Amino acid sequence: MADQLRSWPDERLQRLLTDRPDLATPAPHDFGQLASRAAVRSSIARALDGLTRGELSVLDALVVAGQTNESELVDLVHARPGHAVDVVRRLVDLALAWESPEGLRALTVVADALVGGPEAGVSGLRPRSAAPRPLDELRAVIDALPDEARALLEHVVANGSTAKPGSARIGLRPEDAESPAELLIAHRLLLPGGSLQPGLLVVPGEVGLALRGGRTTTTPVDEPPHVASEPRMARLADSAAVGAATDVVRRTGMLLEWWGTRPAAALRTTGLGVRELRAAAAHLQVAEREAALIVEVAVEAGLAGTRADADGNPVWVPTDEFDRWRDLPPAEQWTALARAWLASPRLPSLVGERGPDQKPWNALTPELAAAGMPEAKAMVLRVLAGLPDGEGLAAGTGVPSLVARIAWERPRRPRTRPDLVAWAAAEAAVLGITGADVLAPHGRALVEGGDPVAVLGAVLPKPVDHVLLQADLTAVAPGPLEPDLARRLHQVADVDSHGAATVYRFSNASVRRALDNGWTAAEVHAFLLAASRTPVPQPLSYLVDDVARSFGRLRVGAASAFVRSDDEAALAALVNHPRAASLGLQRIAPTVLVSTVPVDVLLPRLRELGAAPVVEGPDGVVRVGAPEGLRARTPRTREGADGARASARQAAQVANAVRSVRDGDEAARSRPASASAPGGGVLSALRDAVERRGVVVIGFTDNQGVVTERPVLPLVVEGGQLTARDADASDDDPDAERRYAVHRISRVVPVS
Amino acid sequence: MSDGPLIVQSDKSLLLEVDHEQAAECRKAIAPFAELERSPEHVHTYRLTPLGLWNARAAGHDAEQVVDTLLTYSRYPVPHALLVDVAETMARYGRLRLEKHPTHGLVLTSTDRPVLEEVLRAKKVAGMLGARLDDLPHDEQGVVVHPSERGNLKQALLKLGWPAEDYAGYVDGEAHPIELAEDGWALRTYQGEAAESFWHGGSGVVVLPCGAGKTIVGAAAMAHARATTLILVTNTVSARQWKDELVRRTSLTPDEIGEYSGTVKEIRPVTIATYQVVTTKRKGVYPHLELFDARDWGLIVYDEVHLLPAPIFRMTADLQARRRLGLTATLVREDGREGDVFSLIGPKRYDAPWKDIEAQGWIAPADCVEVRVSLPDASRMVYATAEPEERYRLAACTPEKLGVVRDLVTRHAGQPTLVIGQYLEQIDELAATLDAPVITGQTPVKERQRLFDGFRSGEIGLLVVSKVANFSIDLPTAEVAIQVSGSFGSRQEEAQRLGRLLRPGDPGPDGERKVAHFYTIVARDTVDAEFAQNRQRFLAEQGYAYRIIDAQDLTGA
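Protein chains in written order, with the working numbering: chain Z, 3 to 754; chain V, 233 to 789.
Structure below.
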């Protein structure tokens with residue numbers, strides 16, 4: 003094998019390493035290593051994963067054949083002759099088969115890696131014996147079999163070509179056989195499995211081949227299932243795709259602009275909560291499922307991310323990449339989203355469905371992804387690309403046939419594939435890669451590595467630079483607005499209806515918002531006049547003037563205190579007083595001054611300036627009062643005065659001291675035996691107690707790992723176990739006797 | 233990409249650019265299935281609703297046509313989800329059919345078993361249905377319907393989203409000869425078409441703009457039915473007008489037409505009843521319910537369907553075997569009960585393109601002016617400290633308005649003018665200032681009739697009226713209306729006032745039709761102005777030119 007690889011030209015090796023990238027990382031030292039790496043089971047399984055059922059069938063035939071050549075293989079495979087030849091060359095290129103000196107053969111590990119049933123291209127036949135009996139002879143034997151024996155043989159071959167012998171006897175002559183199984187054994191159609199299949203009977207590959215008419219399968223293997231398609235109106239399909247593409251771009255922008263001002267709270271798992279998703283769906287006027295897709299794609303495209311808000315809670319907000327994306331032409335915006343989707347393993351279609359823990363999946367949950375999703379997307383689009391021109395997936399039967407086709411293309415894929423394929427098809431439609439289940443031209447460019455930007459850009463509506471103003475205070479933008487115009491219009495008016503066109507509505511609040519943002523009435527008028535292709539309706543001009551008229555009529559400012567007086571001259575004097583500058587006095591009305599200084603500072607300062615202020619409460623009533631004199635807290639008096647109490651306390655203290663001295667002495671005599679003490683202190687202490695028939699307090703670790711103390715009367719110590727009786731139990735209590743493991747007892751304290 | 237006049241929004245609104253060269257063509261194409269929501273000067277907004285789509289289905293349009301229309305006229309790609317939704321919604325209509333079975337009587341049938349099962353399991357229809365039927369031809373599934381539940385069932389099915397098509401037919405009713413008497417006038421083409429499509433549809437609603445002659449459509453429908461007819465109208469004055477109009481336009485004599493109202497209770501072959509009397513409730517029962525059974529009515533006409541009160545819906549539910557004609561200017565109801573109109577009275581049978589009728593000169597153009605009055609400081613103080621519930625009244629009745637009214641009346645001297653108010657004191661005050669006759673709710677019907685007749689004939693040039701004039705009063709000669717106060721800015725009221733009062737007169741000697749003037753006097757910076765904003769929006773949405781001027785600029789304007 004290594005020699006063969008060594009003989010390959012460079013480009014062939016490059017192809018191998020491209021098709022089986024795991025062989026190249028890390029770079030192999032030499033061809034021997036490359037060959038052995040190519041024969042590793044996991045690498046082979048990976049290579050097999052990328053094969054179609056037709057290719058797997060040929061490989062299976064190669065395994066059955068054991069050692070063969072191309073012409074024999076063509077006979078074995080139920081397919082066009084060209085198919086087997088093409089495939090086997092590819093298999094050799096993939097280093098799954100090789101031209102050994104003796105002939106063409108599959109790598110030995112391949113046989114083990116080929117698992118699954120006919121749907122995975124596995125015929126279920128065993129490899130041929132080393133010296134197979136001729137086909138004609140086997141056919142004659144099989145044809146002569148009685149019906150039940152033949153049925154049994156077919157059953158065994160259909161179920162992996164192995165069988166348990168049961169009570170069938172081995173080594174009989176055909177004439178002595180009493181059961182169909184024995185007859186098959188006698189005819190050497192069923193052979194003992196030998197050391198590889200101990201205790202089993204196997205049907206040799208050549209027998210299976212003979213049974214299936216000399217081929218590994220009875221049905222052709224090179225016919226991929228037909229994808230049900232039907233003609234679609236081109237106009238409908240194009241319109242659907244371009245419409246969806248514009249919608250998804252518009253909605254993504256809308257969502258992120260919205261999140262920019264009103265961030266969406268992130269869950270602890272960084273997902274997006276149900277309520278946030280629902281709010282987003284309502285804002286975008288789409289179903290939650292579609293909203294989940296938009297959210298996921300936006301995040302995949304790097305347009306949104308999490309950060310902490312002012313309170314430190316994680317929130318989803320647009321990224322700075324969004325600011326760049328926002329200024330791109332729509333076709334480029336779409337391409338960024340579509341590419342992100344294509345490469346994304348995320349499963350937004352699962353959002354809202356219940357997961358294994360019966361909890362609904364949240365959008366943006368990290369676990370909400372499947373490794374097979376990008377491949378499913380690519381396969382779906384590739385199959386759609388292969389449909390005849392002007393045809394789309396048939397309604398109803400289209401998706402199941404698509405699943406069947408992809409199951410043929412990649413038979414070794416997981417069980418969840420039907421879902422993945424259906425989701426991929428549905429999501430592609432939402433993104434506008436397909437329209438009415440026809441791959442759109444820009445979608446084709448995306449899949450086939452073309453330039454979707456140019457294709458889509460040519461069909462996307464051109465941005466318009468004007469709006470139509472109407473007397474019902476709406477402005478209709480008859481198409482996508484130029485971004486700058488749209489942004490400015492957003493400040494002056496609220497959006498009423500989204501879509502290809504946008505309807506804006508002017509209201510008191512929206513015009514006031516513009517004024518708040520620093521516009522002047524004249525600027526609003528000028529903007530409207532410039533943006534509108536039609537004359538500005540009189541009610542709209544009136545509205546702007548009316549709002550401007552009342553704008554700023556109320557003034558708000560910050561002040562810490564006010565000074566009020568009916569004597570305007572006195573106030574004027576105060577404001578102009580040379581030493582009043584530090585008081586931050588400002589005259590807001592003839593009779594009112596405000597100050598930036600708080601009342602308790604202002605009051606003495608005003609007095610210093612020779613004024614005679616009084617304080618006014620919130621209710622307008624004058625508060626008068628001399629300042630309270632300063633006082634400290636009275637210290638607590640000592641108790642020493644009470645002689646009787648002191649002597650009683652002293653007496654108690656003395657008694658306590660005596661008792662503790664005595665206790666200490668006692669403790670020294672009966673110091674607890676500790677487990678850690680050298681010489682098996684616990685064991686000897688226990689034995690001692692048994693001998694003494696004395697009560698001890700044992701400290702032990704119970705089954706819950708809790709250290710407990712218990713006074714017990716030790717009875718017996720043997721076999722590492724202490725049998726003891728609870729010291730405080732009544733004599734007739736049968737449950738009082740318990741056993742403790744000695745190694746769990748950490749200390750023993752004699753109780754005298 | 234086409235350059236069509238239509239923009240299809242993903243929120244199911246359709247924007248039609250009026251000045252586009254294909255606009256008229258597009259309008260005609262989308263009118264059957266989309267409801268006109270707003271029609272300001274440049275871009276009209278239509279909306280796709282399930283009811284609108286079902287109306288279109290009832291009129292024989294299919295989803296493919298609708299989709300094709302949208303794609304043809306749309307300037308931008310149409311959201312695919314919307315097209316799918318259109319197809320799905322339209323497919324829901326007519327899956328279920330109400331039919332008359334020769335042996336089982338009224339039955340609900342369907343060839344779509346799952347739909348029928350879904351419906352049968354719904355709690356809402358439990359109790360309306362009887363035994364299952366399995367002897368229907370052509371794989372049909374069916375279930376017996378209690379005849380009394382025909383209306384309720386249709387209502388319930390609509391709520392479930394599976395509106396039933398009613399093929400169960402109608403009783404003929406008691407025959408009565410009615411002919412149109414086309415002497416000196418002729419049925420306008422669209423009126424004839426409207427009556428025709430109603431008759432072929434069986435029951436349903438005819439939508440015509442204010443002033444387009446809905447009474448005559450009613451008369452034409454009666455001439456088709458040639459049967460006793462019950463006409464339900466909004467109020468007594470309107471009842472009188474119906475009577476006069478019927479006498480003038482048909483072979484009916486005054487003796488054949490009865491009025492059933494608060495004051496008179498006649499039941500004749502053609503009976504005109506007011507909503508109010510029919511819905512009067514005493515001690516928990518409707519004493520005038522027997523009206524519906526008083527005769528074997530062959531046709532029931534509902535005037536101003538969009539105002540139909542809830543009890544009438546309940547009564548209508550029991551009248552499903554009789555032909556029902558609804559007349560209205562708009563299918564939009566402020567209470568959102570469009571679905572009940574659809575299921576109980578019937579789908580829209582005719583809808584005249586509004587602009588066409590206007591272009592034909594059947595509706596007068598109008599110049600709407602809002603005059604803003606500044607309150608003097610003293611009044612502002614009173615207003616600022618008033619209780620919230622008093623505020624509107626204070627603002628609406630500010631004496632400042634009197635002077636403005638006087639100015640306006642003087643300016644339009646010689647043109648028939650109506651001054652409309654809400655509050656009686658204010659109306660009296662106005663009448664005294666202007667020295668004009670007054671009509672309020674307290675004015676006896678005879679007196680009202682006399683004054684209206686006088687106004688119509690030109691004897692009276694100035695009339696001060698309360699809200700009684702809102703509905704169903706033809707004052708085609710009015711050229712100027714001055715609204716001093718209204719009931720909290722109801723859009724409905726606005727439409728009525730404008731539509732009703734400003735009917736097109738005869739063209740002047742120079743062939744020019746009059747331009748009606750509609751003034752609203754509003755106190756600045758008060759709730760009055762807030763309500764006025766609603767009205768302004770509504771009028772502008774209806775396509776009327778609208779201006780706002782300050783009272784002090786009035787003299788110059």
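Using N, Cα and C, we set each Cβ at its ideal position, and we do this for glycine too.
Every value quoted in this text rests on a predicted model; they were computed, and no experiment measured them.
Return yes when the Cβ of residue j is within less than 9 Å of the Cβ of residue i, no when it is not.
| i | j | result |
| --- | --- | --- |
| P264(V) | D583(V) | yes |
| E208(Z) | A409(Z) | no |
| V405(Z) | A424(Z) | yes |
| A246(Z) | H312(V) | yes |
| P332(Z) | V297(Z) | no |
| V449(Z) | L441(Z) | yes |
| L626(V) | V573(V) | no |
Evaluate residue i with the Cβ neighbour count: other Cβ atoms within 10 Å of its Cβ, from every protein chain shown; 16 or more gives buried, anything less gives exposed.
| i | result |
| --- | --- |
| D251(V) | exposed |
| P482(Z) | buried |
| G775(V) | buried |
| E273(V) | buried |
| L556(Z) | exposed |
| I590(Z) | exposed |
| R264(Z) | exposed |
| S38(Z) | exposed |
| M322(V) | buried |
| T335(V) | exposed |
| V66(Z) | buried |
| Q588(Z) | exposed |
| E381(V) | buried |
| T421(V) | exposed |
For residue i, name the three-state secondary structure that DSSP assigns.
| i | result |
| --- | --- |
| V753(Z) | coil |
| C258(V) | helix |
| V244(Z) | helix |
| I187(Z) | helix |
| V42(Z) | coil |
| H228(Z) | coil |
| D366(V) | coil |
| P606(Z) | helix |
| A312(Z) | coil |
| H293(V) | coil |
Could you check how far apart the C-beta atoms of residue i and residue j are, in whole angstroms? I think they sit under 8 Å.
| i | j | result |
| --- | --- | --- |
| V478(Z) | L470(Z) | 5 Å |
| K356(V) | A388(V) | 4 Å |
| A338(Z) | V353(Z) | About 22 Å separates the two Cβ atoms, so there is no contact after all. |
| V751(Z) | V699(Z) | 4 Å |
| A516(Z) | V505(Z) | Wrong, their Cβ atoms sit about 18 Å apart, outside the cutoff. |
Who are the Cβ neighbours of residue i in its own chain at under 7 Å, not counting the five residues just before and after it?
| i | result |
| --- | --- |
| S717(V) | A628, C629, G653, Q654, Y655 and Q658 |
| R135(Z) | E208 |
| K244(V) | R279, L280 and L314 |
| I172(Z) | I187 and P194 |
Can you list, in chain order, the residues of its chain whose CB lies under 6 Å from that of residue i, leaving out five sequence neighbours each side?
| i | result |
| --- | --- |
| E292(Z) | V432 |
| P454(Z) | T337, H444, A447 and L448 |
| R756(V) | R604 and S606 |
Which same chain residues, not among the five before or five after residue i, have their C-beta less than 8 Å away from its C-beta?
| i | result |
| --- | --- |
| E139(Z) | none |
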